[in-house]
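Numbering (my numbering), first residue to last: 100 to 372. Data block below; observations after.
So, in structure tokens, the structure goes:
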């Protein structure tokens, strides 16, 4: 990493430690959905109205309901039916996660492409996390999907910061090294500031700890296994990990080399696109 990258990394770490770094805010529609979902008596009609204010989000939820993993005999064509099918809690968590895409925008083409790549990977990890939770655990699939959608959220403020340092943008190796070094701690700070539930708030900072061995299977385990799966057959260092030795994989009690499982997870990778 060159001297400029080192200087920026040091500045970022200092800003993080002093709470001086400007972090992105949760989109207003996500706040509205969360506020509505906190009402235990919320009706499907009311939640439909809140989510329905964002037409793109509504379309995404309907598309998810019609994905191969969730598809029923009759295609769902309206938001009310989609929420009825998913349930209010499930719909709320999924909507909050999917609306994160609104944060992934940048001024420069280089940063925009990097943000798109991060979001695309997050969608894949969310889909695989969902499938693992739904078919191979007792955990809630919507929480697993939400964990997948936000596991790299700490990359955003780094890329925003990098936009003001074009020399760094011209050195992708240094930029990627800086992202790998800092995004976990930033992700934890963001989710904590956004009042995410405790079971997800520490996920960005822990999902890359492949030696982590929790007392029982949790959402960090699911996302960790999903990340490893989504990097297999790539040139990423995680592709070289012996997944069968990872504690999270052992707790799932699945055969990572099963053709049936691979087919299921490959299908799940695209369910949130």
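Backbone N, C-alpha and C define an ideal beta-carbon position, used for all residues, glycine too. This structure is a prediction, so every number in the text was calculated from the model and none was measured.
CA-CA distance, residue 312 and residue 188? 29 Å
Which whole-angstrom value is the C-beta distance of residue 283 and residue 304, which I expect to be below 8 Å? 4 Å
Between residue 150 and residue 163, what straight-line distance do the alpha-carbon atoms span, to the nearest angstrom? 14 Å
Verify whether the separation of the beta carbon atoms of residue 227 and residue 135 is less than 7 Å. no
How would you label residue 308, buried or exposed, when you count the other beta carbons within 10 angstroms and need 16 or more for buried? exposed
Whole alpha helix (DSSP H) elements within the segment 153-234, 4-residue minimum: 154-164, 178-185, 187-197
Under the rule that 16 or more other beta-carbon atoms within 10 Å means buried, what is residue 335, buried or exposed? exposed
Counting only beta-carbon separations shorter than 7 Å, does residue 294 have a partner in chain D? Going by chain labels, chain D is absent from the structure shown, which holds only one protein chain.
Under the three-state reduction of DSSP, which class applies to residue 253: helix, strand or coil? coil
Rounding to the nearest angstrom, what Cα-Cα distance links residue 250 and residue 229 in this structure? 14 Å
Endpoints, the alpha helix (DSSP H) within which residue 348 is located: 346-351
Top-ranked residue by Cα proximity to residue 348, from 298, 320, 361, 337: 320
For residue 125, report the span of its alpha helix (DSSP H) as first-last. Where residue 125 is concerned, there is no enclosing alpha helix (DSSP H), given that its DSSP letter is neither H nor E.
Taking the alpha carbon of residue 218 as the point to measure from, which residue in 206, 209, 200, 205 has its own alpha carbon closest? 200
Going by C-alpha distance, which of 120, 315, 127 is nearest residue 196? 127
Neighbourhood of residue 370 by C-beta, 6 Å cutoff - its chain only, sequence neighbours within 5 removed: 166, 168, 226
Contact defined as beta carbons within less than 8 Å: I believe residue 255 pairs with residue 261. What is the distance between those atoms, to the nearest angstrom? Not really, about 11 Å apart at Cβ, beyond 8 Å.
Looking only at C-alpha atoms, which of 139, 366, 198 sits nearest to residue 152? 198
Nearest neighbour of residue 239, chosen from 299, 121, 359 [CA to CA]: 299
Hey, could you find the ends of the alpha helix (DSSP H) residue 319 is sitting in? 318-330
Report buried or exposed for residue 362, applying the criterion of at least 16 other Cβ atoms within 10 angstroms of its Cβ. exposed
Do residue 289 and residue 122 have their C-beta atoms within less than 7 Å of each other? yes
Run of the alpha helix (DSSP H) containing residue 265, from where it starts to where it stops: 265-268
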